[in-house]
Every structure is written in C-alpha cells, then in structure tokens.
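*Asks:* After the structure tokens below, expect a handful of questions from me.
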Amino acid sequence: MTTVPLPDFPAGFRWGVSTSAYQIEGATGVDGRGPSIWDTFAREPGRIVDGSTGDEACDHRHRYAEDIALTAGLGVSAYRFSIAWPRVQPGGAGPANAAGLDFYDRLVDGLLAAGVDPVATLFHWDLPQPLEDAGGWLNRDTAARFAEYADLTAARLGDRVKLWITLNEPFIHMTLGYGIGTHAPGRMLLFDSFPVAHHQLLGHGLAVAALRARSTSEVAIANNYSPVRQVGDTDADRVAARAYDALHNRLFTDPLLGRGYPDAPGFDPAVVRDGDLDVIAAPIDVLGVNYYNPTGIRAPEEGSPLPFEMVPLDGYPRTAFDWPVAPDGLRELLGQLHDRYRDALPPIQVTESGCAYDDVPDADGRVHDPERIAYLDGHVRAVHEAIGAGVPVTGYFVWSLLDNWEWAEGFTKRFGLVHVDYPTQRRTPKSSYTWFRDLIRR
Ligand code: PNW
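Counting from 666, one number per residue, gives the positions in the sequence shown under my numbering.
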C-alpha cells in the first residue's frame, strides 16, 4: 500500500456502505414475508458451495439497530440497503403487506436519527417466487409488477429515502440468473436470456415514473461495469472484445441514456415494443456504478457457443474470489463512461466497491485486513483521479458493511468492513473499518 496521504475530496462527497436484503436480513419467515427465488434456489442441492441458505444470514432483520450503530460509527453520510420485494408483496402482486414495510420504516427512521441518509435499492435479485412461476423477468408483465411494487414502497418511504435505486446489476442478474444459471432462478438460456435485459430495463423506466409521482428524492440504477482488456491482437480478438464490451458495459446503459440498444450478442428486437425505449430513457439523477475488476477477452475457440472467451489477467494481486485487484480499471472505467456518454451522463456514484479476503480474528479477537485497506486505498485514489480529470463522481460506497451471505458462495466469502461470526452473530469491526472511518473523518 502506498503511504502517500489520501487526497481531499470535494465537500458534500457521499461516503457510504452497501448491503442487500437477502444477503443480510435472515428472518425469512417473519412479517408475513413470501418466498423468493433465492429461497428456492438455495434449497436445491449443489447450488450453494457450503449448502447454506439466507434463512439466517446476518440476522439483520433483528439486529438492525446494532448495524445502524456500526454504520453511524463509520461517519458515513449514506447507507445503501435493499428492500425485499417478498416482504412488501409476499405474492408479488396486490396490496402492500404493512408488516413488511414496517421493518423498513423503522430502519429508515433509525438511519435518519443517526444522521445517515437512507439509500434504498428496490430490486437486489430476490424476486417473489410467484412471479418466477409466471416466467420471471422473461415475462413482460414482471416490469409492470415491479412498477406497482415501487409505487407501494414509495408511498410509505418516499418522504424519507434520500436516493432510490431501482435495480441492482441487471446485467449480472441476467447472465448469472438466466444465462448460465449459477444464480437464482438457475436458468441456462445463454443468449436467449435477452428478454430479461429488456424487461428489467422496462421495469426500471416504469418504476422511475412511479417513484417520481410519490417522492421528490433522487432516482438511480446501479449497473455493474467491467472495462474490457483485449488479450491478443488479431481482428477476431478485437471483434470479441467489442462484443463483450457491448454486452457488459453498454447493453444496460446505452438505452438508459437515450441511445437505444447497441449491437450486442443476443440482442433480439422482437421483444422491444413501440414506446419502450422512451420509457427506459426516463431521466435519472445518478448513475450507480458497481465495480470489482476488469475482464480479459480474446477471440473464442472454434465451435464455442460464445462470441468471446474470458481470460484471466496477469500481473495483478488477487482477492479470495480470485478476482484481480485493479484500481486502474476503475479509473479507466470512469473515464470511459465520461468519454462515451458526455453530456448525457448524470453524476456517478460508485455504489459498490470492495473485495473478499479470508479474514479471521486473531488470539485477541481483532481482525486485521491490510489487503482490504490496500484495495480500498487504491480504488478511492482512482476515484479522486477521475474527479480531477473532470468525471462527475459524487459518491463512493464500500461493499460491504458486514461479512454476509455471498450468493452461490454462501458464507465462504467475506466482503465486510465488519467481521461477522455467524454462529454467535457477533460483529467485530476490522482494521479496514477504522481505516475507512479515519478517511471520512479527515
Ligand atoms: C455484486 N461477477 O455481485 C452484488 O451486487 C453483490 O450483491 C455481491 O455481494 C457483490 O457484487 C460481490 O460479489 C456480483 O461474477 C456477482 O462478475 C458476480 C459478479 C459481479 C458482481
């Protein structure tokens, strides 16, 4: 890690931490919550590496007051959480379940009392199971259902949530959930999953309209981005890199920012109806950027089902997920977004940035995570550099406040600033927590 002091950030820069409902809440059977696709998926043998489910996770549904205190103790100005759709509409449709919304009401009030802005994501992958039974995001009707849920939620919380995020990483949900099936709902449609992109984006646009009608707060979407590093120098490598870039970095952003769909693999205009692109391009106030790593791409082998091949990038340290630690990729990505969309680009907030390491308490019960400090130090500097170069970045959220249930990896990957001992649910701030607190305090 560099010892050069961290640079100052503009006044009003939003420092935050992020979590998501299914990964931390547990208590899946209380408040009249209905089943989600992740309850179903996690129960299927072989889906989750350690055989765990999110039934308990971090028990945040019961321990939220302690988690608000941990958040406030960091001195962050914002906390990004997600609302579990199955708590608000247990069946995925119909009137709001008041008991489900009561929990988020208390959470939001607790955050505000602690001086922390609530930033609420409406969909972080936990679709009500009844909607999946009707086709999930392959079904156009799910977009309308999503807008209805957004309306019910904003009617209750719209006066206090400071920033709404409609969808989390629709690209990852489409590719892992419907393309290759390593996430819920576990479908393997490869490029036939394109309708999932369009229906999520349509749901986003309809939800933006619903939120605007109920709330004067800012509205955003959180996309996952990964700058593409072309490996190899043939024309075929160039074509492959361009195809992957269109899929990962443009499919969910070009139409949002008014450009229509790019020419991306799997793009099937058949599901796009007249007027949809206008709905999708409804102005947003903030573009949420989730960044973890760049992607190496070269031309595929003959006969591959994919128009590109992913290759590991050499020369970077790696996290416990084996993801490369590449802060230069964040700098590159922010510059790319700025160059690509120029005047159409709203202010960016980095809504997720973080890393997994095998953090274990020492004999004194302390958790030292110097790799995470180095990771965050590098990424915070990358953001600062981008701001210096004129990219409008107004916030940075660490993924995550807590170690939590990491989807198909179960409890085996720890991303938190706070260590969680799952058997006892004891929370222990790691040294990165202190580091981040001190960074914000300066
Ligand atoms: C994001 N990939 O997921 C999610 O928003 C979080 O819920 C998650 O815990 C975090 O990143 C860490 O994984 C991703 O395969 C899952 O490239 C997979 C990928 C990227 C992001």
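Note that beta-carbon positions come from the ideal geometry of N, C-alpha and C, so glycine has one too.
Quick caveat, the model's predicted, so the values are computed rather than measured.
Buried or exposed: where does E721 fall if 16 or more other Cβ atoms within 10 Å of its Cβ makes it buried?
*Replies:* The residue you call residue 721 lines up with position 56 of the sequence shown. By the beta-carbon neighbour count (other beta carbons within 10 angstroms, threshold 16), E721 is buried.
*Asks:* Between which two residues does the beta strand (DSSP E) containing S683 stretch?
*Replies:* For this step, residue 683 is matched to residue 18 along the sequence shown. 679 to 683 is the span of the beta strand (DSSP E), which, as asked, contains S683.
*Asks:* Compute the Euclidean distance between the alpha carbons of R767 and I962, then round it to the nearest angstrom.
*Replies:* Reading the sequence shown from its first residue, position 102 is the one you call residue 767. Reading the sequence shown from its first residue, position 297 is the one you call residue 962. According to the sequence provided, residue 767 is Asp. The question's Arg does not apply to it. Spanning the two alpha carbons is a distance of roughly 46 Å.
*Asks:* For S747, name the three-state secondary structure that DSSP assigns.
*Replies:* By 1-based counting over the sequence shown, the position of residue 747 is 82. Here S747 sits in strand by DSSP.
*Asks:* Using beta-carbon positions only, say whether W829 and L867 come within less than 7 Å of one another.
*Replies:* By one-based count along the sequence shown, residue 829 stands at place 164. By one-based count along the sequence shown, residue 867 stands at place 202. Not closer than 7 Å, so no.
*Asks:* Assess, as a yes-or-no matter, whether the segment 761 to 780 is touched by the segment 803 to 812 under the definition of 3 or more beta carbon pairs within less than 8 Å.
*Replies:* no
*Asks:* If you check the beta carbons only, do V773 and R825 fall under 7 Å apart?
*Replies:* Locating residue 773 in the sequence shown gives position 108, counting from the first residue. Locating residue 825 in the sequence shown gives position 160, counting from the first residue. Yes, these two residues count as a Cβ contact at 7 Å.
*Asks:* So, do the segment 782 to 794 and the segment 695 to 703 have three or more beta carbon pairs nearer to each other than 8 Å?
*Replies:* In this structure the segment 782 to 794 lies against the segment 695 to 703, because at least three pairs of beta carbons, one per stretch, are closer than 8 Å.
*Asks:* Return the chain-ordered list of same chain residues with a C-beta closer than 8 Å to the C-beta of Y1022, the five sequence neighbours on each side being excluded.
*Replies:* By 1-based counting over the sequence shown, the position of residue 1022 is 357. T984, A985, D1034, E1036, R1037, R1079.
*Asks:* May I ask you to report which of helix, strand or coil DSSP gives D774?
*Replies:* In the sequence shown, the residue the question calls residue 774 occupies position 109. Reduced to three states, the DSSP call for D774 is helix.
*Asks:* What does the Cβ neighbour count give for M839, buried or exposed, with the cut at 16 atoms within 10 Å?
*Replies:* Position 174 of the sequence shown, counted from the start, is the residue given in the question as residue 839. Classification of M839: buried, given that the 10 Å Cβ count is 16 or more.
*Asks:* Rounded to whole angstroms, what's the CA-CA distance from P1011 to P672? Just pull it up for me.
*Replies:* By one-based count along the sequence shown, residue 1011 stands at place 346. By one-based count along the sequence shown, residue 672 stands at place 7. Distance between the alpha carbons of P1011 and P672: 24 Å.
*Asks:* Please specify which runs of the alpha helix (DSSP H), each continuous and at least 4 residues long, are wholly inside the segment 931 to 961, giving them in chain order.
*Replies:* If you keep only unbroken alpha helix (DSSP H) runs of at least 4 residues inside the segment 931 to 961, you get 941 to 945.
*Asks:* So the candidates are P1057, A1073, T1093; which of them puts its Cα closest to the Cα of L1066?
*Replies:* Taking the first residue of the sequence shown as position 1, residue 1066 is located at position 401. Minimum Cα distance to L1066 is reached at T1093.
*Asks:* What residues in its chain sit with their C-beta under 8 Å from that of T736, if we drop five residues either side in the sequence?
*Replies:* In the sequence shown, counting from the first residue as 1, residue 736 sits at position 71. V682, Y744, L776, A779, V781, L1066.
*Asks:* Mind pulling the beta strand (DSSP E) runs of 3 or more residues that sit fully within the segment 796 to 851?
*Replies:* 828 to 833
*Asks:* Put D658 into one of helix, strand or coil per three-state DSSP.
*Replies:* Outside the displayed range of the chain (666 to 1107) lies residue 658, so it cannot be described from this structure.
*Asks:* Hey, is the segment 899 to 917 in contact with the segment 960 to 975, meaning 3+ C-beta pairs nearer than 8 Å?
*Replies:* yes
*Asks:* For a test of the three-state rule: what should DSSP assign to A887, helix, strand or coil?
*Replies:* Here the question's residue 887 lines up with position 222 in the sequence shown. DSSP places A887 in strand when its eight states are reduced to three.
*Asks:* In this structure, does DSSP put Q754 in helix, strand or coil?
*Replies:* Taking the first residue of the sequence shown as 1, we reach residue 754 at position 89. Residue state, collapsed to three classes: coil.
*Asks:* Is it the case that the Cβ atoms of F706 and G800 are separated by a distance below 7 Å?
*Replies:* As a first step, residue 706 is located in the sequence shown; it is residue number 41 there, counting from the start. As a first step, residue 800 is located in the sequence shown; it is residue number 135 there, counting from the start. For F706 and G800, no; Cβs fall outside 7 Å.
*Asks:* Given that a residue counts as buried once 16 or more other Cβ atoms are within 10 Å of its Cβ, and exposed if not, what is D1042?
*Replies:* In the sequence shown, residue 1042 corresponds to position 377, counting from 1. Burial state of D1042 is buried, judged by a 10 Å Cβ sphere holding 16 or more other Cβ atoms.
*Asks:* Report the option in D724, V669, G711 whose CA atom is closest to the CA atom of T693.
*Replies:* Within the sequence shown, numbered from 1, the residue matching residue 693 stands at position 28. It is D724.
*Asks:* Quick check on DSSP: helix, strand or coil for G719?
*Replies:* Start at 1 with the first residue of the sequence shown, and residue 719 comes out as number 54. DSSP places G719 in coil when its eight states are reduced to three.
*Asks:* From the DSSP secondary-structure annotation, give me the bridge partner or partners of W1064.
*Replies:* Working through the sequence shown from its first residue, we reach residue 1064 at position 399. Paired residue(s): S683.
*Asks:* In this structure, does DSSP put T881 in helix, strand or coil?
*Replies:* Here residue 881 refers to the residue found at position 216 of the sequence shown. Looking at T881 - three-state DSSP - the assignment turns out to be coil, as it is neither helix nor strand.
*Asks:* Rounded to whole angstroms, what's the CA-CA distance from F973 to D902? Just pull it up for me.
*Replies:* Sequence index remark: in the sequence shown, residue 973 carries index 308 (1-based). Sequence index remark: in the sequence shown, residue 902 carries index 237 (1-based). When rounded, the distance between both Cα atoms is 8 Å.
*Asks:* E997 lies in the alpha helix (DSSP H); which residues open and close that run?
*Replies:* By 1-based counting over the sequence shown, the position of residue 997 is 332. 992 to 1006 is the span of the alpha helix (DSSP H), which, as asked, contains E997.
*Asks:* Nearest by alpha-carbon distance to L1002: which of T831, N914, I945 is it?
*Replies:* Numbered from its first residue, the sequence shown carries residue 1002 at position 337. Here the closest residue by C-alpha is N914.
*Asks:* So which of H864, I733, P934, R1107 has the shortest CA-CA distance to P783?
*Replies:* On the sequence shown, residue 783 is found 118 positions in, with the first residue counted as 1. Out of H864, I733, P934, R1107, I733 has the C-alpha closest to the C-alpha of P783.
*Asks:* When the distance is taken between beta carbons, is D696 closer than 7 Å to R771?
*Replies:* As a position in the sequence shown, residue 771 is number 106, starting the count at 1. As a position in the sequence shown, residue 696 is number 31, starting the count at 1. In this structure, D696 does not lie closer than 7 Å to R771 by Cβ.
*Asks:* In whole angstroms, what separates the C-alpha of V1045 from that of A991?
*Replies:* Within the sequence shown, residue 1045 is the residue found at index 380, counting from 1. Within the sequence shown, residue 991 is the residue found at index 326, counting from 1. Cα-Cα distance, rounded: 12 Å.
*Asks:* Compare the Cα-Cα distances from W1070 to each of E709, F678, S717, R698 and report the closest residue.
*Replies:* Stepping through the sequence shown from its first residue, residue 1070 is reached at position 405. When each option's Cα is compared against that of W1070, the closest is S717.
*Asks:* Taking the alpha carbon of I713 as the reference point, which residue from W1072, S882, H789, D1004 has its own alpha carbon closest?
*Replies:* Position 48 of the sequence shown, counting from 1, holds the residue named residue 713. It is W1072 whose Cα lies nearest to the Cα of I713.
*Asks:* Can at least three beta-carbon pairs, one atom from the segment 950 to 958 and one from the segment 869 to 888, be found at a separation below 8 Å?
*Replies:* yes
*Asks:* Determine which residues share a DSSP beta bridge with T657 and list them.
*Replies:* Because residue 657 is not part of the residues shown, which for the chain are 666 to 1107, the question remains open.
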